[in-house]
Every structure is written in C-alpha cells, then in structure tokens.
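Contents: one structure, followed by commentary.
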Amino acid sequence: EETLDSIIKKLKEALSNHPSTVTHTLSCTSVKASGNLASCSAGMIATGCSCGFACGSWNIQNENVCHCLCPIIDWTLARCCQLS
Amino acid sequence: EETLDSIIKKLKEALSNHPSTVTHTLSCTSVKASGNLASCSAGMIATGCSCGFACGSWNIQNENVCHCLCPIIDWTLARCCQLS
Amino acid sequence: EETLDSIIKKLKEALSNHPSTVTHTLSCTSVKASGNLASCSAGMIATGCSCGFACGSWNIQNENVCHCLCPIIDWTLARCCQLS
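Residue numbers (my numbering), protein chains in the order written: chain L, 862 to 945; chain W, 862 to 945; chain B, 862 to 945.
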C-alpha cells in the first residue's frame with residue numbers, strides 16, 4: 862500500500878527532472894562592428910562596450926546597442942550577455 | 862478513485878506555478894552622473910563603466926560604484942545589472 | 862484520513878526546500894593585472910574591461926580574458942561575473 866511518505870518519495874523523484882531545476886549560467890559574447898554602433902543579437906543585453914581609437918566614452922541604447930561617443934570611431938564592440 | 866499516477870499528474874499541474882519555475886532573466890540599466898563616480902541602485906551590480914573625455918580607465922568600488930580614474934572627468938556612467 | 866488536498870499541501874511544504882527554489886544572484890568581481898591581459902578566475906566570465914593610460918579599446922579572449930589594445934598599457938582590469 863502506498864503511504865504518504867512513499868508518495869512523497871516518488872514525487873520528489875518525478876520532480877528531479879522538473880524544468881525548474883535547470884541551472885542557469887551566465888554566457889556572454891562580443892559583437893564588433895565598423896563605425897560607432899554595435900548591436901547585440903536578439904535576447905542578449907549589453908554589459909559594456911569597447912571603442913576604437915582608445916575611446917572609453919560610450920552609452921548603450923535600448924539596452925542592447927553600444928554607441929561609442931568620440932568624434933572619430935573606426936570600430937565599436939558590444940559585450941553581450943544572457944542567461945542560458 | 863485516485864491512483865498514484867493521477868495524484869502525480871495533479872501535483873505536477875499544481876507545481877507548474879511553483880515559484881521555482883520562475884525564469885530568471887538578466888536585466889541591465891545605465892546610471893550616468895556628473896563627476897567621476899556613478900552608483901548603481903540598490904540590488905544592482907556594476908558590470909562595466911564609461912567615462913567622459915574618452916577615458917577608458919576605471920575601477921569599481923563596493924561592486925556597485927563606477928570610479929573613472931583620469932585626472933579630468935566630467936561624467937561617469939555605470940552599467941548596472943541584476944537578475945529579475 | 863489523507864485527502865488529495867492535504868497531500869498536495871504537505872508536498873508543497875516538502876518541496877519548499879527543493880534545490881530548484883534556490884534563488885540565483887549575479888555576482889561580480891574585478892581582477893587587475895600588470896600588462897595588457899587580465900584573466901577571470903575559473904567559472905567566471907568577463908563582462909567588460911578597463912585599461913591603464915585612459916585606453917578604452919579592448920577585446921575579450923576565450924570569454925574570460927581582457928586584452929587591452931593600446932600600444933602602451935601598464936595595467937588591465939577584467940570585470941568578471943557569474944551566477945551564484
């Protein structure tokens with residue numbers, strides 16, 4: 862006969878593969894583009910930017926586009942991250 | 862009559878809204894301030910910094926304050942992220 | 862006598878400490894090194910980089926090594942993050 866304890870045990874086993882047990886990890890990639898803008902791919906968010914000509918002034922538009930602010934910029938790199 | 866299988870089925874349904882099934886996402890925002898310091902709001906952590914006058918030298922204090930290191934800095938931007 | 866409702870209630874209690882309920886948080890730390898490279902420790906990923914001599918041009922190698930690109934660099938800082 863099933864007891865409550867045996868039912869709980871079986872259910873815990875059943876739930877061990879429950880989607881909620883998926884372990885998230887942080888993954889990031891870099892996107893480099895010519896000019897003063899670089900866009901993360903869909904679903905990713907920019908955590909920082911790098912600019913050509915040694916420029917360290919940038920902002921981020923719409924949370925996923927790096928915009929380098931110096932007058933002359935040859936390339937822009939977006940650091941793009943997401944949970945996976 | 863309830864069988865163990867039917868109980869498990871019902872419980873899985875009940876647990877589908879369990880808090881553990883919440884999917885975390887990474888969210889980020891930018892905080893810009895005058896001077897050489899910019900602080901993330903409570904609960905957020907700095908993942909990178911941007912500085913005025915093209916400066917790319919910075920450090921992060923207490924994990925949530927961007928500190929631009931060049932002698933003359935007019936503004937500082939902190940890129941601030943959290944799970945949500 | 863146990864009813865299905867009472868069993869569900871007990872199981873929800875039992876599952877409240879289920880590993881899946883662990884709340885992830887984003888944690889970051891900075892690693893500063895002499896020269897033009899700085900490496901995150903194992904398990905961490907770089908979200909941005911800072912460079913000496915005001916340089917804002919960098920890339921990230923293998924997702925966890927900051928590489929400052931200006932000709933003369935005295936130090937490099939990697940901003941390293943993970944879920945914990």
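Beta carbons: idealized from backbone N, C-alpha and C, even for Gly.
Taking one C-beta from the stretch 908–916 of chain B and one from the stretch 862–874 of chain B each time, how about it: are there three or more such pairs within less than 8 Å? No, the stretch 908–916 of chain B does not touch the stretch 862–874 of chain B.
L/Thr908 versus chain B: which residues are under 7 Å apart at the beta carbon? Per Cβ cutoff of 7 Å: Thr908, Gly909.
Less than 9 Å between CB atoms is the rule here; does L/Asn920 satisfy it with respect to chain W? It does; some Cβ of chain W falls within 9 Å.
Buried or exposed: where does B/Gly904 fall if 16 or more other Cβ atoms within 10 Å of its Cβ makes it buried? B/Gly904 should be labelled exposed.
Proximity winner among B/Leu944, B/Thr937, B/Cys889, B/Cys942, relative to B/Gly896 (alpha-carbon distances): Closest option to B/Gly896, Cα to Cα, is B/Thr937.
Would you call B/Asn923 buried or exposed, if buried means 16 or more other Cβ atoms sit within 10 Å of its Cβ? By the neighbour-count criterion, in which a residue is buried when 16 or more other Cβ atoms sit within 10 angstroms of its Cβ, B/Asn923 is exposed.
Which chain L residues are close to W/Gly913, counting only those with a beta carbon under 8 Å from its beta carbon? In chain order: Ser918.
What does the alpha-carbon distance come out to for the pair W/Arg940 and L/His928? C-alpha of W/Arg940 to C-alpha of L/His928: approximately 13 Å in a straight line.
I'd like to know if B/His885 contacts chain W, where contact means its C-beta is closer than 9 Å to some C-beta of that chain. Taking Cβ atoms only, chain W reaches closer than 9 Å to B/His885, which makes this a yes.
Give the residues of chain W in contact with L/Cys931, contact being defined as C-beta atoms less than 7 Å apart. Under the 7 Å cutoff, chain W gives Ala915.
Residues in its own chain within less than 8 Å of L/Leu944 by CB, not counting five upstream and five downstream? Within the same chain, Cβ atoms closer than 8 Å to the Cβ of L/Leu944 are found at His885, Thr886, Leu887, Ser888, the five residues on either side in sequence being excluded.
Helix, strand or coil, according to DSSP, for L/Ser918 in the structure here? In this structure, DSSP gives L/Ser918 a state outside helix and strand, which the three-state scheme calls coil.
Which partner residues does L/Thr937 have in the DSSP bridge list? Partner(s): L/Ala894, L/Cys912.
Which residues in chain C have a C-beta closer than 8 Å to the C-beta of W/Cys927? List them in chain order. The displayed structure is made up of protein chains L, W and B, and chain C is not among them.
Chain W contacts from the stretch 885–902 of chain B (Cβ-Cβ distance under 9 Å): Residues passing the 9 Å Cβ filter: His885, Thr886, Leu887, Ser888, Cys889, Thr890, Ser891, Lys893.
Just checking: is the beta-carbon of B/Lys871 within a distance shorter than 9 Å of some beta-carbon in chain L? Among the residues facing chain L, B/Lys871 is included, as its CB has a counterpart in that chain under 9 Å away.
Sorted by chain position, which residues of the same chain lie with C-beta nearer than 7 Å to L/Cys931's C-beta, five sequence neighbours on each side aside? Excluding five sequence positions before and after L/Cys931, the CB atoms of its chain that fall closer than 7 Å to its own CB belong to Cys912, Phe914, Cys916, Ser918, given in chain order.
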